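First residue of the sequence shown? That's 5 in the numbering used here, and the numbers climb one at a time after it. Accompanying notes for the structure given below.
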Amino acid sequence: MRYASITDRLAHLGSGRWALHHTARRMKAEGEDVIELTIGEPDVAPDKALLDEASRAMYAGRTRYSNGRGEAPVLKALVDKYSKRRPGVTEKNFLCFPGTQTALYCVMTGLVEPGDGVLVGDPLYATYEGVIASTGAHMIPVPLRPEKKFHLQAEDLARAITPEARVLLLNTPHNPTGAVLTRAEIAAIGEICRKHDLWIICDEVYEQLIFEGTDFASPFDMPELAERTIAVSSISKSHAAPGFRSGWAAGPEEFCDRLLAVSETMLFGVQPFIADMTAKALSEHFDTADVMRQNYASRAAIVEKAFAGSNLVKPMPPEGGMFILLDVAATGLNGEEFAWELLKQEKVAVMPGTSFGDQAANFLRISLTVPEDVLETAMRRVGDLAGRVVLKAKDAPPHIR
Ligand SMILES: Cc1ncc(COP(=O)(O)O)c(C=O)c1O
C-alpha cells in the first residue's frame, strides 16, 4: 500500500528516541530491579481538589462537545494569568489544546510548510524534530554551548539564519539542559527575530519549575515581540497532571483566528470537564509546583555533590526543570554507549544525550523524579561504571583504546 510521506519523515523520530526507556520498562515488567531516570513524569500526584473538580464536572454533565477555542472558564483563567505578564491580553489571544505537544504541532502547522526552515537550539526536546518534520519544513539547529550554560546566544542565532528561516522555536526553562533565558538574552534574540521577520514559538511548559535565584522571562511578555510570539504551555508539569492533556497557545489575535480553523479540523474542541479542572488549577494556588521545585532543586544538588571531585563525570547544574545533564566524555564512551552499558551492567535507565540532538552526544539526561536515596544509589552506580570503563580502557592494548 502507499502512504503519505509524513510517515517516512517521522519514522525515525518517534519511539526510536525512547528505545532505552522502552527496554528498561520491558526489563522491569520481566521482574528486573531497574532504577528509572528516563522520562519527565512528575513523581507527585495532582492536588486532590483538582481530581475532585474533574470528577464533579463530569458528573455535572460537562461531557458534551466544547467549542474550538476553549471553554469560557478556562479562557478567563488564561486571560487572568497572562494579563499579569502582559496587560491587555483578551480571550482572543488564546486557543486551548490537549497539552503543549498538540499545541506545538498545530501552531507549527499554521506557520511553516515544505521549503521553510525552523531554528531551534541544539540540544532540544526530543519531539521538536518531529513537530518540524511533520510540516515538511526543515530544522536549522543552533548550537547551545555548555560554556554559556546552554543559553541560546543571539550571535549564534544570527549566524545560523538562512533565507528559508521562518520560525525560532525557543524553550525556556529548557529541556534537557535546565537553562532559563534572561530578559536581556531574550531581548537580544528578539531583536534578531524582528530584523529577519521570524515568528517565535516559546515552549514554557516548565515555567513554574525554576530554582531559587533565577527569574522567568518570556518574549510573550515583551510588547515589541507581541505580534510575532506564540507561547505554548500546559498543566502537565505545573500541576503534575500530564495525563489530563490540558494545554494552550497564547498569541496574536489574528494568528489565533487563523489557527482556529486548523485546530477545529484537528480536534473539534477539548474536553469540558478537563477544562473546568484546568480553570481551577490556573485560578487558585496549589502547592504542587512548590513541592516539585524544592524536590528537583535538592535532587539536582545531590547529583552535583556525587560528582563534585570527579574528573570522569561532569554534572551541568540546571536552573530549572526536572532534569540534569551529565557529561561522560572523559570516560571515553559517548552518552549513547554509556547509557546502554549503565542499563546492562548497573540496572539504571537514563536518557542518552543523542535523543536530544547532536550537541548532546556526550551527555546523559537524568530525570530528577525519584526519591533522594534512590538517586544517590543510581549516581553511585554511574560513578562505578565510569571508573570501570576507564580502568578497562587503560588495561586494553593501545590499538584498541
Ligand atoms: C519541553 C517540553 N515541551 C513539551 C512537553 C510536552 O508537554 P505536554 O504534556 O503539555 O504535552 C514536554 C514534556 O516533557 C517538554 O519537556
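From the three backbone atoms N, C-alpha and C, an ideal C-beta is built for every residue, glycine too. In this text the structure is predicted, and so the values were computed from the model without any measurement.
- Under the DSSP assignment, residue 200 falls outside any alpha helix (DSSP H); it carries neither an H nor an E label.
- Taken through DSSP and simplified to helix, strand or coil, residue 315 comes out as coil.
- Approximately 19 Å separates the beta-carbon atoms of residue 68 and residue 264; this is outside 8 Å, ruling out the contact.
- The region 299-312 and the region 363-373 touch, with three or more beta-carbon pairs separated by less than 8 Å.
- DSSP lists 369 as the beta-bridge partner residues of residue 355.
- For residue 111, the Cβ stays outside the 6 Å cut-off from all heavy atoms of ligand 1.
- For the options 25, 29, 153, the alpha carbon positioned closest to that of residue 329 is the one of 153.
- Judged by DSSP secondary structure, residue 252 falls within the beta strand (DSSP E) whose first and last residues are 251-254.
- For residue 307, the enclosing alpha helix (DSSP H) begins and ends at 292-310.
- Measuring C-alpha to C-alpha distances from residue 351 to each of 385, 341, 54 identifies 385 as the nearest.
- Between the region 145-159 and the region 110-122 there are fewer than three inter-stretch CB-CB distances shorter than 8 Å, so the stretches are not counted as touching.
- Relative to ligand 1, the beta carbon of residue 227 is positioned no closer than 6 Å to any heavy atom.
- If you compare the alpha carbons of 45, 109, 149, 17 with that of residue 271, the shortest gap goes to 109.
- For residue 223, same chain residues with a beta-carbon under 6 Å away, outside a window of 5 residues either side, are 190, 194, 204, 206, 229, 233 in chain order.
- Taking the Cβ of residue 207 as the reference point, at least one heavy atom of ligand 1 falls within a distance shorter than 6 Å.
- Remark: C-beta atoms of residue 46 and residue 244 approach each other more closely than 7 Å.
- Look at residue 129: its beta carbon is less than 6 Å from one of the heavy atoms in ligand 1.
- Pairing residue 326 with residue 44 gives a Cβ-Cβ distance under 7 Å.
- For residue 181, the distance from the CB to the nearest heavy atom of ligand 1 is not below 6 Å.
- For residue 267, the number of other beta carbons within 10 angstroms of its own is at least 16, and it is reported as buried.
- In this structure, residue 251 sits near residue 104, with a CB-CB distance shorter than 7 Å.
- Restricting attention to alpha helix (DSSP H) runs no shorter than 4 residues, the region 162-242 encloses them at 187-199, ordered along the chain.
- Under the 10 Å beta carbon count, residue 127 is surrounded by 16 or more other beta carbons and is classified as buried.
- Set against 6 Å, the gap from the CB of residue 298 to the closest heavy atom of ligand 1 is not smaller.
- DSSP assignment within the region 66-134 yields the following whole beta strand (DSSP E) runs of 3 residues or more, N-terminal first: 98-101, 121-126.
- Taking the CA atoms as reference points, residue 292 sits about 14 Å from residue 238.
- In this chain, the alpha helix (DSSP H) harbouring residue 394 covers 376-399.
- For the set 155, 31, 387, 185, the Cα lying nearest the Cα of residue 310 is the one of 387.
- At the C-beta level, residue 184 and residue 177 come within 7 Å of one another.
- At least one heavy atom of ligand 1 falls within 6 Å of the beta-carbon of residue 105.
- In this structure, the beta-carbon distance from residue 316 to residue 334 falls below 7 Å.
- Of the candidates 133, 280, 260, 133 places its Cα closest to the Cα of residue 362.
- Looking at the DSSP output, residue 327 sits in a beta bridge with 371.
- Proximity of the beta carbon of residue 242 to ligand 1 is not indicated: no heavy atom of the ligand is located closer than 6 Å.
- For the 7 Å CB-CB criterion, residue 198 and residue 221 do not form a contact.
- For the pair residue 356 and residue 339, the CB atoms are nearer than the 7 Å cut-off.
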